[in-house]
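Read in order, the letters of the sequence shown are residues 49 to 345 in my numbering.
Heads up: the structure comes next, in structure tokens.
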Amino acid sequence: MSNQIELRHFRYFLALAETLHFRKAAEQLYISQPALSRQIQQLEQQLGYPLFARNNKQVELTAAGRFLQSELALVLKQIGNLVSQAGEISKGILGSIRMGYVGSAMQNILPELFGQFKNHLPGIQFSLQELDNNKQVESLLSREIDLGFVRLQKVPATLSIRPVWEETFSLVVPLDFPLAEGGFLDLNALRKEPFILFEEDYSPSYYAKVMSIFSDSGFTPIVAHKTVHANTIYRLVENGFGISIVPTSLQKGYQPSVRFVELPEISQRAVLSMIWNKENQHPVLPQILEMIKGVDT
49 MSNQIELRHF
59 RYFLALAETL
69 HFRKAAEQLY
79 ISQPALSRQI
89 QQLEQQLGYP
99 LFARNNKQVE
109 LTAAGRFLQS
119 ELALVLKQIG
129 NLVSQAGEIS
139 KGILGSIRMG
149 YVGSAMQNIL
159 PELFGQFKNH
169 LPGIQFSLQE
179 LDNNKQVESL
189 LSREIDLGFV
199 RLQKVPATLS
209 IRPVWEETFS
219 LVVPLDFPLA
229 EGGFLDLNAL
239 RKEPFILFEE
249 DYSPSYYAKV
259 MSIFSDSGFT
269 PIVAHKTVHA
279 NTIYRLVENG
289 FGISIVPTSL
299 QKGYQPSVRF
309 VELPEISQRA
319 VLSMIWNKEN
329 QHPVLPQILE
339 MIKGVDT
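As structure tokens, then:
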């Protein structure tokens, strides 16, 4: 590849690849349409292959163009992140970490971790965003976040996963639900009760684990409702639409009119895992990973 190709060529290419319209792309870039056409022609000449198929009516990406678009978007985003980190260092900030998390992570591991980070990494800034499991995976692959906390067992090959928290499950029932003295131990007695569960898409592995609890108790549950929000589960239980099973930590931070009954006797445990992109070269990430110890599951 010739060294005459410059970063601006790639910016122009991405603008046209997104709009597939020379006039619109030129307006976004604040250059003339003929100037954009010349820059794209120069890029294709230097590369030695076409990126766009053109006719009088439309512009389309070639197969090579589609590949280059997807890869360049990640590369330019990484360059932007590096420039941003360099600016933070110039201001005396050692770096920043963008973290995603499912809501339940804020009930247990994250508050504890932030105490450690404050003591051991005082120059690091943390940006937090609550995201569901699938969105965290997407954001890690696109380099929009650096670290995630999920309830998953499997992730794409380019990501690493490490279990960091394990806890019991708890039964969630209305306040007036009849329970044996000292709590409830025989789940089989609930076989005729409607259950409210997290959506299977929220985490297929988590859903399978909850279903295995019922299987071990000798029945398949009546699933009346599914949701991705714990608070919705509690409101439905409170109003008599069914009962539920959730990770025990999810009773923290809420004040619903329901009763939680921990189930320490069952073998299944809810697991929270940390995930990150193996290709992420963020200089602070190795220190974070070293501080967060895993658990055996």
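Ideal Cβ positions, reconstructed from N, Cα and C, are used throughout, including at glycine.
All of these numbers come straight from a predicted model, not from anything done at the bench.
Measure the Cβ-Cβ separation of residue i and residue j and say whether it is below 7 Å.
i, j, result
"Gly290", "Phe225", "no"
"Gln52", "Gln94", "yes"
"Ile172", "Gly143", "yes"
"Glu178", "Gly151", "yes"
"Ala153", "Leu337", "no"
"Val276", "Glu310", "no"
"Phe174", "Ile145", "yes"
"Leu120", "Phe58", "yes"
"Ile270", "Ile314", "no"
"Leu124", "Met147", "no"
"Leu333", "Asp194", "yes"
"Ser218", "Phe308", "yes"
Please go through the same chain and pick out, in chain order, the residues whose beta-carbon is closer than 6 Å to the beta-carbon of residue i, but skip the five residues on each side of it.
i, result
"Gly266", "Asn236"
"Val107", "Leu68 and Phe100"
What is the DSSP secondary structure of residue i, counted as helix, strand or coil?
i, result
"Ser50", "Any reading at Ser50 must be qualified, since the residue scores a pLDDT of 47, below 50, and its modelled position is unreliable; no value is offered."
"Gly266", "coil"
"Ser315", "coil"
"Pro82", "helix"
"Ile293", "strand"
"Ala101", "strand"
"Gly171", "coil"
"Gly148", "strand"
"Ser251", "coil"
"Phe243", "strand"
"Lys326", "coil"
"His57", "helix"
"Gln350", "Outside the modelled stretch of the chain, which goes from 49 to 345, sits residue 350, for which no answer is possible."
Using a 10 Å radius around the Cβ and a threshold of 16 neighbouring Cβ atoms, would you call residue i buried or exposed?
i, result
"Gly140", "Legend: pLDDT at Gly140 = 48, less than 50; position of this residue unreliable, no value from coordinates given."
"Asp234", "exposed"
"Tyr60", "buried"
"Leu64", "buried"
"Tyr97", "exposed"
"Gln89", "exposed"
"Val294", "buried"
"Ser190", "exposed"
"Pro159", "exposed"
"Arg239", "exposed"
"Gln329", "exposed"
Residue i and residue j look like a contact to me (Cβ under 8 Å); what is the Cβ gap, rounded to whole Å?
i, j, result
"Val220", "Tyr149", "No, Val220 and Tyr149 are not in contact; Cβ-Cβ is about 22 Å, not under 8 Å."
"Gln155", "Lys300", "4 Å"
Apart from the five residues just before and just after residue i, which ones in its own chain have a Cβ nearer than 7 Å to its Cβ?
i, result
"Val285", "Val220, Val221, Pro222, Ile244, Ile291, Ser292 and Val306"
"His273", "Ile244, Leu284, Phe289 and Gly290"
"Thr216", "Thr296, Glu310, Leu311, Pro312 and Arg317"
"Leu188", "Gly196, Leu207, Ile323, Trp324 and Asn325"
"Ala112", "Tyr97 and Leu99"
"Lys257", "Gln316"
Within a Cβ cutoff of 8 Å, which residues of the same chain sit near residue i, ignoring the five residues on either side of it in sequence?
i, result
"Ser251", "Asn181, Val198, Arg199 and Leu200"
"Ala205", "none"
"Phe70", "Leu64, Gln81, Leu84, Ser85 and Val107"
"Pro331", "Gln133 and Gly143"
"Tyr255", "Leu245, Phe246, Glu247 and Glu248"
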